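Just add 1 to wherever you are in the sequence shown, counting from 1, and you've got my numbering. Glycine included, each C-beta is placed from N, C-alpha and C at the ideal position. In this text, all values refer to a predicted model and were calculated from it rather than measured experimentally. Structure first, commentary second.
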Amino acid sequence: MKTKVYININGVKKNTQSLVTEAQKYGISVAGITKGCCGNEAFAQALLEAGVDFLADSRIENLEKLQHIPVEKMLLRSPKLSEIEKVISYTQYSLNSDLQVIRSLSEVAVRKNVKHSIILMIDIGDLREGIWYENLNEIYHIVDTIIHLDGIYLAGVGTNVTCFGGIMPTEENYKLLIKIADNIRQRFNITLPIISGGNSSSIQMLYEGRIPKGINHLRVNQSIYTGIEIGQGQQIPNWENRIVTLEAEIIEIQVKPSTPQGTIAKMNAFGEIKNFKDKGMRKRAIIALGRQDMNIEGLKPVDSTITVEGASSDHLIVDITDSNANYSVGQLINFNVTTYASIITAMASPFIEKISK
Ligand SMILES: *Cc1c(COP(=O)(O)O)cnc(C)c1O
């Protein structure tokens, strides 16, 4: 049987509703993100039912899949020059930082006779995408160019934090972005309606009412799955944290020593040097799931007496000695998928069936 991941759609809805309700108190709109689930339709519908204003994704392929859903779409990753046609066809908004890309968006939008909205990304310290906030001349130059291009509309500025450099959003760095937006508004006499302030790492500030006035848009993905805020790694109150679970099949059960025997190689097949604790003879199950299926680090057995010992490309080894359940070959073992890396790789895996429930 194929390994299955289950998406708890009610949990997705509950978390997103809480987020949207809180954001609305401060006039902040929320883009619901489908990249973590590779554009899963039931997930996207749950986000919409919970009240998000946009569907957003980094990959145009996912938004293309969702094109029949009547809501504005936003491409989160700067478009590839080679995919501009699709970006114009399947989205109304994109996050941008490159003038060549923006010119190309303009050309294609004019040809297709549509208006495409641009959020200009400003880097306030995390060192992923965007124009560095101190390079004001470059920011003004790019704004000046955009507002004179046909087919596109400069809808706002945005920033992304806690993705590469691990920089948290703060009142201080948010104010840098708000100031830049204000300067652009005055200098070019434009409304620039959106200031898009970030991602899951802003949730704590949001619930504490500390997001500075001016930030009016957030784009949230990973916390919806984990129920955990990014800065301190704390559970978000009243959010569901069991969104993704997995079920995989046992293919072997054997009693074996807990330390390998023989000459130890310098490292295993994955370049790791493992330390084994001698716990005597243990009952071990092999599950037909491995690192080629997904990142296995976030797999936590629902049966808490089971421990994950490790995995190779296609075999996951678990210790079932302490379990009261009488496992046998052919049975399924359930896991909570607890980390973002594990969730996104499971969702993208062709070997794993995705089921919403
Ligand atoms: C992935 C992404 C987000 C969402 O980030 P999370 O921390 O997962 O909420 C927001 N903005 C951009 C540009 C992204 O690429």
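Pick from the options: whose alpha carbon is nearest that of residue i?
i	options	result
GLY28	PHE44, ILE195, CYS38	ILE195
LYS284	SER313, ILE321, GLY234	ILE321
THR346	VAL158, THR306, GLN293, ASN337	GLN293
GLU62	THR171, PHE55, ILE85, VAL319	ILE85
THR339	SER329, GLN236, PRO261, LEU333	GLN236
GLU230	LYS5, VAL6, LEU20, MET2	LEU20
SER150	GLY33, LEU100, GLU209	Note that residue 150 corresponds to Leu in the displayed sequence, not to Ser. The candidate whose alpha carbon is nearest that of LEU150 is LEU100.
LEU106	GLU139, GLY152, ILE132, ASP145	GLY152
ILE147	LEU193, PHE165, GLY166, ASN174	LEU193
LEU178	ARG211, GLY215, ALA156	GLY215
PHE277	ILE212, VAL309, TYR94	VAL309
ILE353	ILE132, ASN327, LYS15, ASP315	ASP315
GLU250	ASN16, LEU333, PRO170, ARG60	LEU333
LYS26	SER59, LEU137, ILE132, GLU209	GLU209
ASN190	PRO238, ASP145, ILE244	ASP145
Using a 10 Å radius around the Cβ and a threshold of 16 neighbouring Cβ atoms, would you call residue i buried or exposed?
i	result
TRP240	buried
PRO71	exposed
SER83	exposed
GLY234	exposed
GLY272	exposed
VAL330	exposed
GLN255	exposed
THR4	buried
ASN325	exposed
GLN68	exposed
ASN97	buried
GLU130	buried
ILE360	In the structure displayed, the chain extends from 2 to 358; residue 360 sits before or after that span and is not available.
GLN205	buried
ASP323	exposed
GLY263	exposed
PRO170	buried
GLY166	exposed
Taking Cβ to Cβ, would you say residue i is nearer than 9 angstroms to residue j?
i	j	result
ALA342	GLY299	yes
ILE125	ILE168	yes
TYR141	ILE123	no
ILE119	ILE103	yes
LEU56	ALA43	no
ASP54	GLU23	no
VAL319	ILE288	yes
ALA32	MET2	no
VAL13	ILE225	yes
ASP127	THR160	yes
TYR175	GLY198	yes
ASP279	THR306	no
ARG220	GLU172	no
THR163	GLY232	yes
Less than 8 angstroms between C-beta atoms, sequence neighbours within five positions excluded: which residues of the same chain meet that for residue i?
i	result
ASN335	THR246, LEU247, GLU248, PRO302, VAL303, ASP304
ASN41	ILE8, THR35, MET348, LYS355, SER357
GLN18	ALA51, GLY52
ALA110	ILE89, LYS116, HIS117, ASP151, GLY152, ILE153
TYR328	ILE251, ILE254, ALA286, ILE321, ILE334
Counting only the same chain and skipping the five closest in sequence on each side, list residues whose C-beta sits under 6 angstroms from that of residue i.
i	result
LYS116	TYR154
GLN223	SER201, TYR341
ILE143	LEU100
LYS113	ILE89
GLY311	ILE318
ASN16	ILE225, TRP240, GLU241
Among residues of its own chain, excluding the 5 on either side of residue i, which ones have a beta-carbon nearer than 7 angstroms to its beta-carbon?
i	result
PRO258	MET282
GLU65	LYS87, TYR91
ASN217	GLY28, ILE29, SER30, ILE195, ILE196
ASN269	LYS275
CYS39	ASN63, MET348, ALA349
Return yes when at least one heavy atom of ligand 2 lies under 8 angstroms from the C-beta of residue i, else no.
i	result
LYS278	Annotation note on ligand 2: not contained in the displayed structure, which lists ligand 1 as its ligands.
*Are at least three pairs of beta-carbons, each pair with one atom in the stretch 43 to 54 and one in the stretch 78 to 86, less than 8 angstroms apart?*
no
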